[in-house]
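Here the structure is laid out as structure tokens; the discussion comes afterwards.
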Amino acid sequence: MTGHRVIVVGAGPAGVRAAQALVEAGLRPIVIDEGRRAGGQIYRRQPDNFTRSHEALYGTEAARARAIHETFDGLAAQIDYRPETLVWHIADGHVWTLDGEGQHRSEPYDALILCTGATDRVMPVKGWNRAGTYSLGAAQIALKAQACAIGSEVVFLGSGPLLYLVASQYAKAGANVVAVLDTAPFAARIPALPRLLSQPGVLWNGVILTRALKRAGVAVHHGVTPVAITGDAQDGVDGIVVRMADGSQRRFACNAVGMGHHLRPETQLADLARCEFAFDPAVRQWLPLRDGEGRSSMPGVYLGGDGARILGARSAEASGRLAALTALADLGHSVSGGEQSGLRKAIAGYARFAAGLAQAFPWPVEQAAALPDDAVVCRCESVTAGELRAVVNEGGAREANRAKALSRVGMGRCQGRYCGLAAAEVIAAEARVPIETVGRLRGAAPVKPLVAGTAGIPCAPQETGA
Amino acid sequence: MSAARSDVLIIGGGIMGCASALFLHQRGQSVTLLETDLVGRQASGTNFGNVRRQGRPLYQLPLANRSIAIWRQARELLGTDIEYLQRGHMRVAYRDRPDAAERMEAYAADAAHYDLDLEMLSGNVLRDRFPWMGPDVLAASLSAQCGHANPRLTGPAFARAAVKLGAVIHENCKATTALRDGNEFHVVAADGREFRAPVLLVTAGAWAKAFVEGFGETVPLTSRGPNMCVTEPLPYAIGPSVGVSTPETFESVYFRQVGRGNLVIGGSTQNQTYPEDYRVYVKPENCIGQWQQIQRLIPAVRNLAIIRTWSGIESYLPDDQPVMGPSAGVDGLFYAFGFCGAGFQLGPGVGETMAELIATGSTDIDLSPYRIDRFAAASE
Numbered sequence: 010m011t012g013h014r015v016i017v018v019g020a021g022p023a024g025v026r027a028a029q030a031l032v033e034a035g036l037r038p039i040v041i042d043e044g045r046r047a048g049g050q051i052y053r054r055q056p057d058n059f060t061r062s063h064e065a066l067y068g069t070e071a072a073r074a075r076a077i078h079e080t081f082d083g084l085a086a087q088i089d090y091r092p093e094t095l096v097w098h099i100a101d102g103h104v105w106t107l108d109g110e111g112q113h114r115s116e117p118y119d120a121l122i123l124c125t126g127a128t129d130r131v132m133p134v135k136g137w138n139r140a141g142t143y144s145l146g147a148a149q150i151a152l153k154a155q156a157c158a159i160g161s162e163v164v165f166l167g168s169g170p171l172l173y174l175v176a177s178q179y180a181k182a183g184a185n186v187v188a189v190l191d192t193a194p195f196a197a198r199i200p201a202l203p204r205l206l207s208q209p210g211v212l213w214n215g216v217i218l219t220r221a222l223k224r225a226g227v228a229v230h231h232g233v234t235p236v237a238i239t240g241d242a243q244d245g246v247d248g249i250v251v252r253m254a255d256g257s258q259r260r261f262a263c264n265a266v267g268m269g270h271h272l273r274p275e276t277q278l279a280d281l282a283r284c285e286f287a288f289d290p291a292v293r294q295w296l297p298l299r300d301g302e303g304r305s306s307m308p309g310v311y312l313g314g315d316g317a318r319i320l321g322a323r324s325a326e327a328s329g330r331l332a333a334l335t336a337l338a339d340l341g342h343s344v345s346g347g348e349q350s351g352l353r354k355a356i357a358g359y360a361r362f363a364a365g366l367a368q369a370f371p372w373p374v375e376q377a378a379a380l381p382d383d384a385v386v387c388r389c390e391s392v393t394a395g396e397l398r399a400v401v402n403e404g405g406a407r408e409a410n411r412a413k414a415l416s417r418v419g420m421g422r423c424q425g426r427y428c429g430l431a432a433a434e435v436i437a438a439e440a441r442v443p444i445e446t447v448g449r450l451r452g453a454a455p456v457k458p459l460v461a462g463t464a465g466i467p468c469a470p471q472e473t474g475a
Numbered sequence: 006m007s008a009a010r011s012d013v014l015i016i017g018g019g020i021m022g023c024a025s026a027l028f029l030h031q032r033g034q035s036v037t038l039l040e041t042d043l044v045g046r047q048a049s050g051t052n053f054g055n056v057r058r059q060g061r062p063l064y065q066l067p068l069a070n071r072s073i074a075i076w077r078q079a080r081e082l083l084g085t086d087i088e089y090l091q092r093g094h095m096r097v098a099y100r101d102r103p104d105a106a107e108r109m110e111a112y113a114a115d116a117a118h119y120d121l122d123l124e125m126l127s128g129n130v131l132r133d134r135f136p137w138m139g140p141d142v143l144a145a146s147l148s149a150q151c152g153h154a155n156p157r158l159t160g161p162a163f164a165r166a167a168v169k170l171g172a173v174i175h176e177n178c179k180a181t182t183a184l185r186d187g188n189e190f191h192v193v194a195a196d197g198r199e200f201r202a203p204v205l206l207v208t209a210g211a212w213a214k215a216f217v218e219g220f221g222e223t224v225p226l227t228s229r230g231p232n233m234c235v236t237e238p239l240p241y242a243i244g245p246s247v248g249v250s251t252p253e254t255f256e257s258v259y260f261r262q263v264g265r266g267n268l269v270i271g272g273s274t275q276n277q278t279y280p281e282d283y284r285v286y287v288k289p290e291n292c293i294g295q296w297q298q299i300q301r302l303i304p305a306v307r308n309l310a311i312i313r314t315w316s317g318i319e320s321y322l323p324d325d326q327p328v329m330g331p332s333a334g335v336d337g338l339f340y341a342f343g344f345c346g347a348g349f350q351l352g353p354g355v356g357e358t359m360a361e362l363i364a365t366g367s368t369d370i371d372l373s374p375y376r377i378d379r380f381a382a383a384s385e
């Protein structure tokens, strides 16, 4: 029974809890991690010679971060951990990896648990292609992993809890946070309150963050509409112009902007594993189908954490463990039904809270429709909103992949991971069609740029006729 | 529901069907084209983008020449840029296959009689002109008057130009049955729509077989998916589209640099297709094998990152030649499919030739090598 090969992709809270459950069942899972050390993005660890405490790095989440790190370190002898390794393709029951040494490997699995995490969901702003504009997640990682700030005078723009968290972390670290510009109107939080109260502890953490920002003298503005990030090609960002809630226009001088609207799941591996996706109207995104137990639509493929649906780090611990227990049960191991139902209940609570967040800090759809024609949507390929609209109007593109074929949107290094959702909104607005009919950019290997000249596994070329 | 009528009905919206629709309208024929998915999505849209004449059988060169004349004026014809770059096409032979170089020499002598000027290069001359060439390369045959274009744009551009002239194109319209009913053809789509025309042209690529067999003819059509990838962009430097001439499939890689700067890489092994689902899944082992091979041709690739891979559904016939021309048994029925991974360059010329054949009853292009009934004997 212990001979089953189970692979966990990702070593954030979901992947660590999944690995732990597998080890408890007597398995020796392979854990593949893009990071150099386990912890994921949210509990990302510093390089070896950095010495800040968990409290300094993770604030209110220090105890959880420590628990994840210590759990994983305790598992070291019982798992096959592959750090700094990218899963670039999944095919025919194998994951294909490339490690930091440039070595390709192909690993078969009986069960595959994808805990791939999330990246920022970004709504473009005219000028966001200027040097000095970062996503909120990137701004946070610069601080957490490298102890450096994205600029000396920073404006944070966007919406959602990460906006406030990163701004307060920057303020605490001594950076000059010029302003926090929230695109959500403050009033949106009122109807969301009943759902947000389902996690009073998390809600309270949010209140503390806001207070800390005020104490640090950071101005927080709500209901802001971005107009442009200004600057030039030589020196990058020199400020940001926004329309305030009262309709007045205002400019904030700065040399860096951190921006983002919540997160989006990293779903490309689920896509390459041929999992089915469905449109979720609450977040206006296509997400891989996941049953209540963590199963995807593909037999043997399980989904945990934010990689399937953004419910936060706490939920990720529960859904990662649940996915592993389900995989174990499907492989014939006995698992505790009581524990599974407890995890499901916990995840339902986190889902309610996440729905409240989506309500309180909405994705500013109208901003996509209002983007000026010369604003860049796809930064990798420098595709502007106007070029995208042209392929809708002149090329007849009303679907995401057709628009990609005709305009190059999403065709660059990030493969649409950062521009895809915004591009879909621009297309939907211009074509006057519901966003779900625009579809989603199909995932294609490699999920991240892969240097061609890497050492290959001995690999017989395959030719397959029909 | 009354059936929509036109002079010609076309099943299949790849480059063959869309170009035929355009040229038929230029000749005054009304056309309705049915496409299961979106125009130009499969073989037409996912291929490498070679506008290559050399390496074709000599009897195919008149068609290829007709086609390149259209490529050269594509921007004016289509009213849009399909990124045709006439920067040459080059075939190379490796040192360990000197016979391949000899065959290229012989081909160059023969091709000269068909208006295809090829320049043979080797040694310092070759390396001075193309310094990025790998040390394994022995010799090259350069066709300066060929080039490459963007397949993603080409099929849709022909479709839009045809529509501008009055063609009716139905996308997401899957033809399920096609019958001869008296003096005309009757085609029914999956959603119940009906279409009638006195002439039917099947340009359905890998999906053509069912229609052919429905009319009582035989075709041993199979499908395969090319293995394609593209690197991150780098400053434009390469010029020609370059491929390896070799009898070994796994060695037969090729690449080109697009105006944006990326290198598009194809060749070597191919992928299994799922035509019913309209899908191909790129096989990782094929990608790795292809990357290893391409480094032999252009070693600098090893420092570049591959950013995307893709495939599509191409149709193949046992003799590597298409089916093109009239049906052997049914009046008014025409075929142009099965281009065996080499149809992109031919597409515009095929469209013009089929339009000429349908509108006037004949064409100067010799279509005898492409007759549908060449497979009839084998199956009997």
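Sequence order for the protein chains is A and B. Throughout, this note's numbering is defined as the position within the first sequence, counted from one, plus 9. Throughout, this note's numbering is defined as the position within the second sequence, counted from one, plus 5. All C-beta atoms in this analysis are idealised placements derived from N, C-alpha and C, irrespective of residue type, glycine included.
How would you call residue i, buried or exposed, if buried means at least 16 neighbouring beta carbons within 10 angstroms?
i              : result
R260 (chain A) : exposed
Q78 (chain B)  : exposed
K223 (chain A) : exposed
T182 (chain B) : exposed
F200 (chain B) : buried
E281 (chain B) : exposed
E1 (chain A)   : Because residue 1 (chain A) is not part of the residues shown, which for chain A are 10 to 475, the question remains open.
K169 (chain B) : exposed
I370 (chain B) : buried
V386 (chain A) : buried
V130 (chain B) : exposed
D280 (chain A) : buried
Spatial neighbours of residue i within its chain, please: CB distance less than 8 Å, with the 5 preceding and 5 following residues excluded, ordered by chain position.
i              : result
A225 (chain A) : S177, A180, K181 and V186
Q258 (chain A) : V236, V250, V251 and R252
V32 (chain A)  : P38, L84, Q87 and I88
T463 (chain A) : L107, G111, Q112 and H113
Where does the unbroken alpha helix (DSSP H) through residue i begin, and where does it stop?
i              : result
M109 (chain B) : P103 to A116
I5 (chain B)   : Nothing in the structure corresponds to residue 5 (chain B), since chain B is present only between 6 and 385.
V224 (chain B) : Careful: V224 (chain B) lies outside any alpha helix (DSSP H) and carries neither H nor E.
W386 (chain B) : Nothing about residue 386 (chain B) can be reported from this structure: the residues present for chain B run from 6 to 385 only.
M359 (chain B) : G348 to T365
N214 (chain A) : P209 to R224
Between residue i and the rest of its own chain, which residues show a CB-CB distance below 6 Å, the 5 nearest in sequence each way excluded?
i              : result
S246 (chain B) : N55, H94, H153 and R261
H342 (chain A) : A34
A213 (chain B) : V207 and F342
G248 (chain B) : R96 and Y259
P381 (chain A) : K135
Q91 (chain B)  : G152
Rounded C-beta distance between residue i and residue j? I'm assuming under 8 Å.
i              : j              : result
P371 (chain A) : A254 (chain A) : At roughly 15 Å, the Cβ-Cβ gap does not stay under 8 Å, so P371 (chain A) and A254 (chain A) are not in contact.
R157 (chain B) : L415 (chain A) : 7 Å
L84 (chain A)  : V104 (chain A) : Actually they are not in contact, since the Cβ atoms of L84 (chain A) and V104 (chain A) sit about 20 Å apart, beyond 8 Å.
Is residue i near the ligand SAM, in the sense that its beta carbon is under 7 Å from a heavy atom of that ligand?
i              : result
N188 (chain B) : Among the components modelled here there is no ligand, and therefore nothing to report on the ligand SAM.
Ordered along the chain, which non-local residues of its own chain (more than five positions away) have a Cβ less than 7 Å from that of residue i?
i              : result
A305 (chain B) : W137
P103 (chain B) : L143
R10 (chain B)  : R201 and A202
P470 (chain A) : A caution first: P470 (chain A) carries a pLDDT of 47, below 50, which makes its placement in the model unreliable, though a value can still be read off. Nothing meets the Cβ criterion.
Hey, could you find the ends of the beta strand (DSSP E) residue i is sitting in?
i              : result
G240 (chain A) : T234 to D241
V269 (chain B) : L268 to G272
P117 (chain A) : H113 to P117
A262 (chain A) : Q258 to A262
Entirely enclosed beta strand (DSSP E) segments - the region 310–386 of chain A, minimum 3 residues: Entirely contained in the region 310–386 of chain A, the beta strand (DSSP E) runs reaching 3 residues are, in chain order, 310–312.
Which runs of the beta strand (DSSP E), 3 residues or longer, sit entirely within the region 32–71 of chain A? Fully enclosed beta strand (DSSP E) runs of no fewer than 3 residues occupy 39–41 of the region 32–71 of chain A, in order along the chain.
Can you check the region 128–161 of chain B for any beta strand (DSSP E) of at least 3 residues that lies completely inside it and give the ranges in chain order? Taken in chain order, the complete beta strand (DSSP E) segments of 3 residues or longer contained in the region 128–161 of chain B are 142–148.
Restricting to runs no shorter than 3 residues, where is the beta strand (DSSP E) found entirely within the region 105–169 of chain A? Uninterrupted beta strand (DSSP E) stretches at least 3 residues long and entirely within the region 105–169 of chain A occur at 113–117, 120–123, 127–129, 142–144 and 162–168, given in chain order.
Quick one: which unbroken alpha helix (DSSP H) runs of 4-plus residues sit fully inside the region 381–436 of chain A? Chain order, please. Taken in chain order, the complete alpha helix (DSSP H) segments of 4 or more residues contained in the region 381–436 of chain A are 394–402 and 409–416.
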